[in-house]
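K.L.:
Just dropping this structure here.
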Amino acid sequence: MKPPTAFEVSEYLDQIAPPDAGVEGDIIGILRSGDEDHEVKKIAVSWALPIDALHAIRDWGADTIVLHEMPIYPNVESPWHEYFPPSEIMPDMYRAHIVEQWDGPLTIIRANSNWDSRVPEGAPESFGRFVGWGDPVGGG
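Each residue of the sequence shown is one higher than the one before, counting from -15 in this note's numbering.
Given below as structure tokens:
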């Protein structure tokens, strides 16, 4: 069986959690792609992209990362940076440097509010069950 391409992985995620099910204006889908037609050999899944996780993902040899939170770095616009542009925030600059130096193709895919809205697999429902709180009451 032929491995999927990064684009096919993104399309598959869109089928499970359609972008239009998310919050309007949320940045979802392929955020960065060195080559979205590369065959995916290793996918890393992470809630966010702290620098230590990015190092571990790189060292493991992943070529695709699926994230929930926005990996802010200079070429990604985000309303979260109202006060300082991403280019002035050191962790973002360092993350950008690591990504730019990646050995081989790297695609970063984001599934955020579109994944949150999935019931019962969305982040709010699955997190509550995982920590032992049970299912949400009243839809949240």
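Yeah, the Cβ is synthetic: ideal placement off N, Cα and C, and Gly gets one too.
Would you check if the distance between the CB atom of E20 and the CB atom of A(-10) is smaller than 8 Å?
P.N.:
Yes. Within cutoff.
K.L.:
By how many angstroms is the C-alpha of D119 removed from the C-alpha of R113?
P.N.:
Cα-Cα distance, rounded: 6 Å.
K.L.:
Please report how far the alpha carbon of H39 lies from the alpha carbon of M54, in whole angstroms.
P.N.:
Looking at the two C-alpha atoms, the distance is approximately 17 Å.
K.L.:
Using only alpha-carbon positions, find the residue among L90, I14 and S101 that is nearest to K26.
P.N.:
The shortest Cα separation from K26 among L90, I14 and S101 belongs to L90.
K.L.:
If we ignore side chains and look at the alpha-carbon of each, how far apart do A80 and L15 end up?
P.N.:
Roughly 13 Å between the two C-alpha positions.
K.L.:
Classify I93 as helix, strand or coil using the three-state DSSP reduction.
P.N.:
I93 falls in the strand class under three-state DSSP.
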